[in-house]
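Asks: Quick note: the sequence shown uses the numbering used here, first residue 1287, plus one each step.
Using N, Cα and C, we set each Cβ at its ideal position, and we do this for glycine too.
This is the structure, below, for whatever I ask next.
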Amino acid sequence: MSGADFKDHFSARSSAYAAHRPTYPAELAAHLTALAPARDRALDCGCGSGQLSVLLAEHFAQVIATDASAAQVANATPHPKIHYRVAPAEQSGLPAGSIDLVSVAQAAHWLDLDAFYAEARRVARPGAILALISYGILRVEGEPGPVVDHFYRAVAGPHWPPERRHVETGYRSLPFPVPDLSTPDLPTPDLAIMVSWGLADLIGYVDTWSAVRALEAASGPGPVERFRAALAACWGDPAARRSVRWPLALRLGRL
């Protein structure tokens, strides 16, 4: 898949994506680093605004963070050890045999996977780690939880791109032609993204969903406005913080 024809659901909302998408736990980057054969260079594909790239930069000497969206890269979090590049995951432009970790977080379902896996093998050093990472459906504590669940499934649900199903299965429905590292002797840790958010934070995050854009295009602003009103009605004080959790799923292999 070239940069010209990738499925771009987020460039138009790249600043909102950078502001409202959650950050991965530090334990995720530490786990990936511990598996890698060295800590010289990591390649974070489909980096978005750098949510995982910044964490990897705490462990690797250099992180190459690529995204096919110039708007996403323009809104990425600067870091002295991260080199952001506008490039599709399938065509990184990096030298062969130069990377210790290839990661793609919450983006593998958009890729031409055959081309991506070929590129990952090309840039990998012997024993490098390949990591596909996804976070599932959010869980909101208390009374707002069922309101969010209903909107996700019943209202926005018909408007999710078909690739969304792979996120909901933790990427287990994607082909993974690399020996899986998750074994009884090397279990994958139970990781999750956890935040404490006010009402505006949650509304801002939901507004980044690709399904919301498609819903508004099909039905106008009404359904989203009704969701926001229902959420506000059961939230209470808009400044009150509520726990929000996304379970993480990992597909890990050695190249």
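Taking only runs that begin and end inside the segment 1457-1537, name each unbroken alpha helix (DSSP H) of 4 or more residues, in chain order.
Replies: Segments of the alpha helix (DSSP H) lying fully in the segment 1457-1537: 1485-1492, 1496-1505, 1508-1521.
Asks: For the segment 1498-1518 against the segment 1379-1396, are there 3 or more C-beta pairs whose distance is under 8 Å?
Replies: At 8 Å Cβ cutoff, the stretches do not touch.
Asks: With tyrosine 1310 and leucine 1341 assumed to form a contact (beta carbons below 8 Å), what rounded beta-carbon distance in angstroms separates them?
Replies: Translated into positions along the sequence shown, residue 1310 becomes position 24. Translated into positions along the sequence shown, residue 1341 becomes position 55. Their Cβ separation, rounded to whole angstroms, is 6 Å, which keeps tyrosine 1310 and leucine 1341 in contact under 8 Å.
Asks: Using a Cβ-Cβ cutoff of less than 6 Å, which residues in the same chain neighbour isoleucine 1350 once the five nearest sequence positions on both sides are dropped?
Replies: Counted from its first residue, the sequence shown places residue 1350 at position 64. Leu1329, His1369.
Asks: Check whether the Cβ atoms of alanine 1414 and tryptophan 1495 lie closer than 8 Å to each other.
Replies: Walking along the sequence shown from the start, residue 1414 turns up at place 128. Walking along the sequence shown from the start, residue 1495 turns up at place 209. Cβ distance not < 8 Å, so alanine 1414 and tryptophan 1495 don't count as in contact.
Asks: According to DSSP, glutamine 1358 sits in a beta bridge with which residue or residues?
Replies: Taking the first residue of the sequence shown as 1, we reach residue 1358 at position 72. According to DSSP, glutamine 1358 bridges with nothing at all.
Asks: Locate the beta strand (DSSP E) running through leucine 1452, then write down its first and last residues.
Replies: Position 166 of the sequence shown, counted from the first residue, corresponds to residue 1452. The amino acid at residue 1452 is misidentified as leucine; the sequence shows histidine. Careful: histidine 1452 lies outside any beta strand (DSSP E), inside the alpha helix (DSSP H) at 1450-1454.
Asks: Using 8 Å as the threshold, is the segment 1319-1333 in touch with the segment 1347-1366, meaning 3 or more CB pairs across them?
Replies: Verdict: yes, contact present.
Asks: Among Arg1514, Arg1458, Ala1478, Ala1393, which has the Cα closest to the Cα of arginine 1537?
Replies: The count along the sequence shown starts at 1 and reaches residue 1537 at position 251. That would be Arg1458, whose Cα lies nearest to the Cα of arginine 1537.
Asks: Any idea which residues DSSP pairs arginine 1540 with across the strands?
Replies: What you label residue 1540 is simply residue 254 of the sequence shown in a count that begins at 1. In the DSSP output, where bridge partners are listed per residue, arginine 1540 has Ile1415.
Asks: Grab me the residues of glycine 1456's own chain with a C-beta within less than 7 Å of its C-beta, minus the 5 sequence neighbours each way, in chain order.
Replies: If you number the sequence shown from 1, residue 1456 lands on position 170. Closer than 7 Å at Cβ, skipping near neighbours: Ser1420, Gly1422, Ala1535.
Asks: Can you tell me whether DSSP reads arginine 1408 as helix, strand or coil?
Replies: As a working mapping, residue 1408 is identified with position 122 in the sequence shown. Looking at arginine 1408 - three-state DSSP - the assignment turns out to be helix.
Asks: Quick check on this structure: which residue in Ala1324, Ala1354, Ala1516, Ala1315 has the alpha carbon closest to the alpha carbon of glycine 1334?
Replies: Locating residue 1334 in the sequence shown gives position 48, counting from the first residue. Of the candidates Ala1324, Ala1354, Ala1516, Ala1315, the one whose C-alpha sits nearest the C-alpha of glycine 1334 is Ala1354.
Asks: Can you tell me whether proline 1381 is buried or exposed, with buried defined as 16 or more other CB within 10 angstroms of its CB?
Replies: What you label residue 1381 is simply residue 95 of the sequence shown in a count that begins at 1. Under this definition proline 1381 is an exposed residue.
Asks: Pairing CB atoms from the segment 1476-1493 with CB atoms from the segment 1513-1533, are three or more of them under 8 Å?
Replies: The segment 1476-1493, when compared against the segment 1513-1533, does touch it at the 8 Å Cβ threshold.
Asks: For threonine 1352, which of helix, strand or coil comes out of DSSP?
Replies: Taking the first residue of the sequence shown as position 1, residue 1352 is located at position 66. Strand at threonine 1352.
Asks: With a threshold of 16 other CB atoms inside 10 Å of the CB of glutamate 1344, please say whether the residue is buried or exposed.
Replies: In the sequence shown, residue 1344 corresponds to position 58, counting from 1. Flag for glutamate 1344 reads exposed.
Asks: Have a look at Ala1360, Gly1332, Pro1364 and flag the residue whose alpha-carbon is nearest the alpha-carbon of glutamate 1376.
Replies: For this step, residue 1376 is matched to residue 90 along the sequence shown. It is Gly1332.
Asks: Using DSSP with H/G/I as helix, E/B as strand and the rest coil, what is aspartate 1330?
Replies: As a first step, residue 1330 must be located in the sequence shown, where it is residue number 44. In the structure shown, aspartate 1330 sits in a strand (DSSP, three-state: E or B).
Asks: Excluding five sequence neighbours on each side, which residues of the same chain lie with their C-beta closer than 8 Å to the C-beta of histidine 1245?
Replies: A question about residue 1245 goes unanswered here, because the residues of the chain that appear run from 1287 up to 1541.
Asks: Give me the Cα-Cα distance between valine 1409 and leucine 1467, rounded to the nearest whole angstrom.
Replies: Working through the sequence shown from its first residue, we reach residue 1409 at position 123. Working through the sequence shown from its first residue, we reach residue 1467 at position 181. The alpha-carbon atoms of valine 1409 and leucine 1467 are separated by roughly 20 Å.
Asks: When we look at the beta-carbon of glutamate 1405 and count the other beta-carbons within 10 Å, is it buried (16 or more) or exposed?
Replies: As a working note, residue 1405 is residue 119 in the sequence shown. Per the 10 Å Cβ criterion, buried.
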